[in-house]
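Peer 1:
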Amino acid sequence: MEADPTEGYLRRAELLAELGRYDEAAAELDQPLARDPGNSEALVLLAAVHLAAGRAEPGLDAAERAVAAAPDALPPLVEQGVALCDLRRFAEAAAVADRILAAGPDDAYAQLHGAAILGEARNGQRALDAAWHAVALAPDNARAHLVLAGVAARMELTDLAERARTEALRLDPTLAESAGHLRRYGARSVLPGAARPQADTRVAATAVYASAYTVAVALVSAVLHPTTPGASRGLALILGAAGLGLVALLAVRLPQALRRQVHTDRATGVAGYAALAGPALILLYGLVGSPWALAAAIAMTAVAGVALVSKLKL
1251 MEADPTEGYL RRAELLAELG RYDEAAAELD QPLARDPGNS EALVLLAAVH LAAGRAEPGL
1311 DAAERAVAAA PDALPPLVEQ GVALCDLRRF AEAAAVADRI LAAGPDDAYA QLHGAAILGE
1371 ARNGQRALDA AWHAVALAPD NARAHLVLAG VAARMELTDL AERARTEALR LDPTLAESAG
1431 HLRRYGARSV LPGAARPQAD TRVAATAVYA SAYTVAVALV SAVLHPTTPG ASRGLALILG
1491 AAGLGLVALL AVRLPQALRR QVHTDRATGV AGYAALAGPA LILLYGLVGS PWALAAAIAM
1551 TAVAGVALVS KLKL
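Counted the way this note's numbering counts, the sequence shown spans residues 1251 to 1564.
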């Protein structure tokens, strides 16, 4: 009798997803789902793959199919709640979180993920209570402390958030590096409130460096323009191209999860693209000689700064 190959497809899909090869991971799940369209494990993993790739609509579709296939299982509900949060359908996400918490009042998995989704969707005391309860049920679970840190941070309980985050990293130092990677059964849902500060720091640093470079080059070019426009434009051509290369290098060196954040988070995206526009406008000045391009380049640094400040207040 031939062995069922489903497990092999699932494990390969997980591995591909961990490597950030989401399209290949999703394709790997076609075979088990063709054999059994109601395979809840494959549907949960498909939902997680789509969500990790930033595809919330198909992620929600897969999660809802998983819930229909296994209505009493928690993992499909977790993915459904994460997808609804990604789609900003917060009232529905909060209802799903309440269902998860009610289904496992003494289950650390349920309390951890229910708190994470509720913290993203509505926050408040119920999310904090659930996060505390998850920690009490599983004090050695680093992700439980990470969820508590995220919920506390959203409630501006700074001391609690910092203590919980420190404990999470003490228990599992790899969380600092692996926060952007796919984790089985909806662990991604614990990350928005807790892993975001580190991600923001990396993206913000890139935007700050690019903006400082833009301002310096634009001011030098502007000072030279009235007396030696040729030299000013030549300098702008060289330094504008170098600036674009530097920003591109910094962007490429960001982990894939952080590069996705530029596309999925509005403030981060505005800051990133404004920072990129600065050197591009300096290069444009070098090509056409219009000082308005220098003014626009400096304005772009202000746009990036406003976006970063707004991000810090979230």
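Even glycine gets a Cβ: it sits at the ideal position worked out from N, Cα and C.
Rounded C-beta distance between residue 1387 and residue 1352? I'm assuming under 8 Å.
Peer 2: Taking the first residue of the sequence shown as position 1, residue 1387 is located at position 137. Taking the first residue of the sequence shown as position 1, residue 1352 is located at position 102. Wrong, their Cβ atoms sit about 15 Å apart, outside the cutoff.
Peer 1: State the Cα-Cα distance for the pair residue 1369 and residue 1404, rounded to the nearest angstrom.
Peer 2: Taking the first residue of the sequence shown as 1, we reach residue 1369 at position 119. Taking the first residue of the sequence shown as 1, we reach residue 1404 at position 154. Cα to Cα, residue 1369 sits roughly 8 Å from residue 1404.
Peer 1: Starting from residue 1383, follow the alpha helix (DSSP H) in both directions and report where the run begins and ends.
Peer 2: Stepping through the sequence shown from its first residue, residue 1383 is reached at position 133. Residue 1383 -> alpha helix (DSSP H) spans 1375-1387.
Peer 1: Under the rule that 16 or more other beta-carbon atoms within 10 Å means buried, what is residue 1258, buried or exposed?
Peer 2: In the sequence shown, residue 1258 corresponds to position 8, counting from 1. Residue 1258 should be labelled exposed.
Peer 1: Note the first and the last residue of the continuous alpha helix (DSSP H) segment covering residue 1300.
Peer 2: The sequence position of residue 1300 within the sequence shown is 50, counting from 1. Where residue 1300 is concerned, the enclosing alpha helix (DSSP H) stretches over 1290-1302.
Peer 1: Quick test of your reading: residue 1493 and residue 1464, contact by CB under 8 Å. State the CB separation rounded to the nearest angstrom.
Peer 2: Your numbering for residue 1493 matches position 243 in the sequence shown. Your numbering for residue 1464 matches position 214 in the sequence shown. Their Cβ separation, rounded to whole angstroms, is 7 Å, which keeps residue 1493 and residue 1464 in contact under 8 Å.
Peer 1: Within 10 angstroms of the Cβ of residue 1551, are there 16 or more other Cβ atoms? Answer buried if so, exposed if not.
Peer 2: The sequence position of residue 1551 within the sequence shown is 301, counting from 1. With 16 or more Cβ atoms within 10 Å of its Cβ, residue 1551 is classed as buried.
Peer 1: Name the two residues that bound the continuous alpha helix (DSSP H) containing residue 1395.
Peer 2: As a first step, residue 1395 must be located in the sequence shown, where it is residue number 145. Counting along the chain, the alpha helix (DSSP H) containing residue 1395 begins and ends at 1392-1404.
Peer 1: Mapping the DSSP letters down to three states, classify residue 1489 as helix, strand or coil.
Peer 2: As a working mapping, residue 1489 is identified with position 239 in the sequence shown. Looking at residue 1489 - three-state DSSP - the assignment turns out to be helix.
Peer 1: For residue 1495, count neighbouring Cβ atoms within 10 angstroms of its own Cβ and tell me buried if that reaches 16, exposed if not.
Peer 2: Taking the sequence shown and counting its residues from 1, the one referred to as residue 1495 is at position 245. Residue 1495 is exposed by the Cβ-count criterion.
Peer 1: Which class does residue 1482 belong to by DSSP, given the choice of helix, strand or coil?
Peer 2: Residue 1482 sits at position 232 when you count from the first residue of the sequence shown. Note: residue 1482 maps to helix in three-state DSSP.
Peer 1: Note down the Cα distance separating residue 1432 from residue 1284, rounded to an integer number of angstroms.
Peer 2: Taking the sequence shown and counting its residues from 1, the one referred to as residue 1432 is at position 182. Taking the sequence shown and counting its residues from 1, the one referred to as residue 1284 is at position 34. Model confidence at residue 1432 stands at a pLDDT of 30, short of 50, so the residue's coordinates are unreliable; what they give is reported in the following sentence. When rounded, the distance between both Cα atoms is 24 Å.
Peer 1: Going by the beta-carbon positions, is the gap between residue 1554 and residue 1531 smaller than 8 Å?
Peer 2: By one-based count along the sequence shown, residue 1554 stands at place 304. By one-based count along the sequence shown, residue 1531 stands at place 281. No, the pair does not count as a contact, with Cβ atoms beyond the cut-off.
Peer 1: First and last residue of the alpha helix (DSSP H) that includes residue 1338?
Peer 2: The sequence position of residue 1338 within the sequence shown is 88, counting from 1. Unbroken run through residue 1338: none, as it is neither H nor E.
Peer 1: What did DSSP end up calling residue 1280 once you bin it into helix, strand or coil?
Peer 2: Here the question's residue 1280 lines up with position 30 in the sequence shown. Reduced to three states, the DSSP call for residue 1280 is helix.
Peer 1: Tell me which residues share the same chain as residue 1334 and place their Cβ nearer than 7 Å to its Cβ, disregarding the 5 neighbours each side in the sequence.
Peer 2: Here residue 1334 refers to the residue found at position 84 when the sequence shown is read from its first residue. Excluding sequence neighbours, residue 1334 sits near 1310, 1342, 1343, 1346.
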